[in-house]
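Enquirer: Before anything else, here's the structure in question.
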Amino acid sequence: MKIKTLNKKSSTVIAAMLFLVLTANVSFKPDEGMYPLSEIRKLDLKAAGLKIDINEVYNPDGISLIDALVNVGGCTGSFVSKDGLIITNHHCSFGAVSRASTTEKNYLENGFKASTTEEEIPAQGMISKITVGYEDVSEQILEAANEAKNVSGRTDAIRKKIKEITKEAEEKQPGIVAEVSEMFSGQTYILFKYQIFKDVRLVYVPPRNIGEFGGESDNWVWPRHTGDFSFVRAYVAPDGSPAEYSKDNIPFKPKRYLKVNPNGVDEGDFIFILGYPGRTFRHQPSQFLMMQQNYSMPYIQNLYQWLIKLYEERGENDPEFALDFASRIKGLANTEKNYRGKLKGLHRLDLLDKKQKEEKELQKFIENDKQLKEKYGDVLGNIKMVYDEILQLGRVPLFLSQLMRHATSIRLAALLNDYREQFKLSESERPSIFKEDNRKELIKRIDDIYSFFYPELDKKIITKMLLDAASFPEGERLTKLEAFPLEDNTKNRIDENVDNMISNSVINNKEAYKALFEKSEEEIKDFNEPLLQFVAAIEAERKHLEEAGKEREGKLNLLLAEFMDAKKVWLNKAFIPDANGTLRLTYGYVRGYAPSDAVYFKPITTLGGVIEKGEETGDYKLNEKVKELFKKKNFGRFKNEKLNDVPVAILYNTDTSGGNSGSPILNAHGEIIGVNFDRAFEATINDFVWSEDYSRSIGVDIRYVLWVTQKVGGADFLLKEMGVKL
Ligand code: ASP
């Protein structure tokens with residue numbers, strides 16, 4: 000992987016450098032860490048326990064372990080054979096497996112195994128990518144930002160520059176996809192280059208009662224006994240270029256793949272994790288936390304709890320519906336429980352109060368120094384002013400986006416409205432989906448949306464969401480919208496209005512709805528109905544908020560940069576950027592913890608524990624084959640002598656987040672000994688603050704992965720492909 004760091008010339012960067020000179024004794028000693036590639040080589044990993052050279056882990060001028068890492072549809076995976084075999088989590092391929100399943104051929108329930116490459120089937124939605132390079136583009140972005148006439152122009156300027164940079168990079172290197180990631184708001188921007196795999200296929204997926212053993216009861220919980228792993232394979236065109244699924248495609252040959260170590264690890268061992276953690280918010284100001292704690296998380300938690308119940312009840316006697324909605328329910332439940340954990344953690348730690356006190360201290364520190372006061376004296380006050388506006392909007396922006404997300408009728412109406420509106424745009428401004436050559440894609444999009452269209456459910460969802468919104472004090476503006484189906488207990492009951500709006504809409508007739516997309520501007524201009532009017536009003540409100548949001552974003556872009564600078568001087572230390580979906584390394588040790596008074600959790604679980612938890616039905620339904628093998632003590636070479644059993648899951652004190660799902664857990668020699676898949680309940684708060692006391696991540700032990708693959712799945716050929724000697 001090649002790096003190119005540009006010389007920093009712009010005025011902002013010069014100012015930043017002067018600042019660094021002023022504070023030259025800033026140390027690089029962060030006590031927690033999801034380290035970006037640029038920081039890895041600054042770490043003393045040898046002292047921490049690494050037994051290989053740092054160049055083996057990350058080498059900007061050559062091949063290293065980093066080259067074995069894959070982003071698998073937002074999760075992480077790693078190559079474990081020379082033929083593009085990827086190991087990731089079961090929950091990362093869950094959506095693809097359910098899409099490939101029918102009630103007759105239910106791979107989700109029974110598992111999937113392709114004994115030859117010909118038998119591998121498309122893993123829909125698991126588009127994958129590997130990082131092939133990166134470059135610091137802060138100078139160009141900040142230069143463009145500083146040229147903007149006003150703060151709201153700043154947001155547009157940054158977005159425009161990012162588009163230009165990515166377009167140029169993609170043109171220069173055809174076949175790659177470029178993305179610019181903000182590492183520190185208003186300070187550091189990195190251009191990442193990715194190679195994409197559009198053809199990914201399922202290879203081996205354990206049955207659901209292994210891959211999801213413990214279900215929602217055990218999700219975000221330790222001790223854990225879930226075999227949360229699966230194998231997929233990346234394919235490319237015969238010439239090595241990215242390609243959609245085709246029979247002619249060939250398995251991708253990675254530059255580097257991980258060595259599988261079937262001996263696993265032990266308590267206390269050094270481990271490290273590479274992966275693509277999604278988002279953390281540790282460098283955000285206290286008001287951000289206030290917004291999350293008071294508005295965003297309680298709102299989402301309540302809504303998702305309600306949706307889960309709605310879908311589960313609907314699916315009780317309808318296996319097809321249950322299968323179609325399995326992945327959606329799982330996603331909602333995962334977030335709902337995560338937020339529950341976070342809210343509990345926020346209150347337990349009184350984190351908001353701590354952050355507020357910390358900011359008061361910082362303000363005092365700034366005011367004690369004339370130079371600092373001149374430079375940063377107003378920063379915290381100005382941040383508060385921006386957030387006062389955001390807090391005033393409260394749940395409204397979330398309501399608008401969630402309505403669009405969960406109510407299929409709204410999505411159908413929005414698509415039709417967009418079609419009508421696009422006639423007013425110039426050719427270049429028109430969404431590509433409405434271009435003549437993209438007809439097939441448009442029809443596919445419509446069919447996809449319709450596959451989740453259940454008018455009766457939609458009516459309930461929209462009614463609930465509108466009732467909620469009508470009760471928000473901050474939602475007053477919404478209820479004044481002309482098209483809002485108001486509730487005033489006499490004539491305008493929300494449920495009746497929603498019922499009428501949906502029942503009388505064209506969306507109930509798929510063919511008639513599709514036919515509208517054939518119509519010309521003239522033919523469609525007078526077509527209207529209450530649902531379309533309502534959705535147009537909602538969309539207009541969203542656009543209005545987005546415009547106002549640009550100004551706030553522009554202000555925060557400047558203010559958060561100054562906030563970070565002030566904090567650096569105050570704490571006299573360097574920070575590492577919050578997670579943002581880019582490649583990171585974190586390290587730690589296999590270690591237990593004490594979640595509450597007088598309770599200590601050991602860090603390794605066993606197959607015996609699976610049997611202990613196992614039941615006939617529900618979340619702990621025991622796999623028959625597992626039961627039988629355990630009875631015969633058929634552990635093969637995966638038995639751990641000390642435990643006299645097969646290790647199942649491990650716990651360790653690394654710094655991980657969502658997106659680290661499927662990350663390889665590597666031992667001191669850089670060999671894979673497990674697959675990360677979760678965190679303990681207390682560690683859901685990691686996204687706001689990390690602590691040695693409670694931040695623990697959970698992985699499936701490679702010995703259980705291999706044992707299940709061989710003994711339950713009968714897929715010895717995969718062990719052979721990975722070079723595991725039996
Ligand atoms: N299980 C988690 C997820 O689904 C992984 C994590 O957040 O630690 O996102």
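The numbers in numbering that gives the first Met the number 0 rise by one with no breaks, and the one at position 429 of the sequence shown is 428.
Cβ atoms here follow ideal geometry from the backbone N, Cα and C, with glycine treated the same way.
#1: Check whether the Cβ of H90 lies closer than 7 Å to any heavy atom of the ligand ZN, and answer yes or no.
#2: Give me the DSSP bridge partner(s) of T87.
#3: Give the straight-line distance between the Cα atoms of R410 and E495, rounded to the nearest whole angstrom.
#4: Report the partner residues of P646 according to the DSSP bridge assignment.
#5: N579: beta carbon under 7 Å from a heavy atom of the ligand ASP?
#6: Buried or exposed for Q391, please, with buried defined as at least 16 other CB atoms from any protein chain shown within 10 angstroms of its CB.
#7: Cα separation between F230 and Y193?
#8: Helix, strand or coil for E134, going by three-state DSSP, please let me know.
#9: Taking 7 Å as the cut-off, does the CB of N659 come closer than this to any heavy atom belonging to the ligand ASP?
#10: Using CA atoms only, rank isn't needed, just tell me which of K549, W221 and S504 is closest to P529.
#11: Would a C-beta distance cut-off of 8 Å place S660 and N248 closer than the cut-off?
#12: Please classify Y303: is it buried, with 16 or more other beta-carbons within 10 angstroms of its beta-carbon, or exposed?
#13: Helix, strand or coil for K423 per DSSP?
#14: Mapping the DSSP letters down to three states, classify Q186 as helix, strand or coil.
#15: State whether the stretch 561-579 contacts the stretch 368-383, with contact taken as three or more CB pairs (one from each stretch) at a distance under 8 Å.
#16: For K329, count neighbouring Cβ atoms within 10 angstroms of its own Cβ and tell me buried if that reaches 16, exposed if not.
#17: Within 8 Å, do at least three Cβ pairs link the stretch 574-583 to the stretch 252-270?
#18: Do you know offhand how far V598's Cα is from T604's?
#19: Using CA coordinates, which residue listed in L415, I51 and I272 is at the minimum distance from P35?
#20: Y586 lies in the beta strand (DSSP E); which residues open and close that run?
#21: Name the residue from G474, P237, T115 and R429 whose alpha carbon lies nearest to the alpha carbon of P396.
#22: Going by the DSSP bridge assignment, what does Q194 pair with across the sheet?
#23: In three-state DSSP terms, what is N70?
#24: Is S762 near the ligand ASP, in the sense that its beta carbon is under 7 Å from a heavy atom of that ligand?
#25: Can you tell me whether E670 is helix, strand or coil according to DSSP?
#26: What residues are listed by DSSP as bridge partners for P205?
#27: Whole angstroms are fine: how far does the CA of A233 sit from the CA of F716?
#28: Would you identify the three-state DSSP class for I389, choosing helix, strand or coil?
#29: So, helix, strand or coil for V707, using DSSP?
#30: Compare the C-alpha of V217 against each of G617, G658, K624 and E623 and name the closest.
#31: Can the beta-carbon of I85 be found less than 8 Å from the beta-carbon of S77?
#32: Count the CB pairs spanning the stretch 325-343 and the stretch 87-105 that are closer than 8 Å, and state whether there are at least three.
#33: With respect to the alpha helix (DSSP H) encompassing G344, which residues constitute its N-terminal and C-terminal limits?
#34: To the nearest angstrom, how far is the alpha carbon of L650 from that of R678?
#35: Which residues bound the beta strand (DSSP E) around S696?
#36: Taking three-plus beta-carbon pairs below 8 Å as touching, is the stretch 104-113 in contact with the stretch 701-720?
Expert: Taking the definition as stated:
#1: This structure simply doesn't include the ligand ZN; it includes the ligand ASP instead.
#2: S229
#3: Near 20 Å, if we compare the C-alpha coordinates of E495 and R410.
#4: T605
#5: Because no heavy atom of the ligand ASP lies under 7 Å away, the Cβ of N579 does not count as near it: no.
#6: exposed
#7: 21 Å
#8: E134: strand per DSSP, three-state reduction.
#9: yes
#10: S504
#11: Contact flag unset, no.
#12: Counting Cβ neighbours within 10 Å, Y303 comes out buried, since at least 16 surround it.
#13: coil
#14: Coil.
#15: yes
#16: Around the beta carbon of K329, 16 or more other beta carbons sit within 10 angstroms, so the residue counts as buried.
#17: no
#18: 16 Å
#19: That would be I272, whose Cα lies nearest to the Cα of P35.
#20: For Y586, the enclosing beta strand (DSSP E) begins and ends at R583 to Y588.
#21: G474
#22: I129 and I175
#23: strand
#24: Residue 762 falls outside the range modelled here, since the chain spans only 0 to 725, and no answer is possible.
#25: coil
#26: In DSSP, P205 forms no bridge with anything.
#27: Approximately 18 Å, taken between the alpha carbons.
#28: Shown here, I389 sits in a helix according to DSSP, grouped into three states.
#29: helix
#30: Per the sequence presented here, residue 217 reads as Asp, with Val not at that position. Among G617, G658, K624 and E623, the Cα nearest to that of D217 is on G617.
#31: yes
#32: yes
#33: G344 -> alpha helix (DSSP H) spans P318 to L348.
#34: 9 Å
#35: S696 to D700
#36: yes
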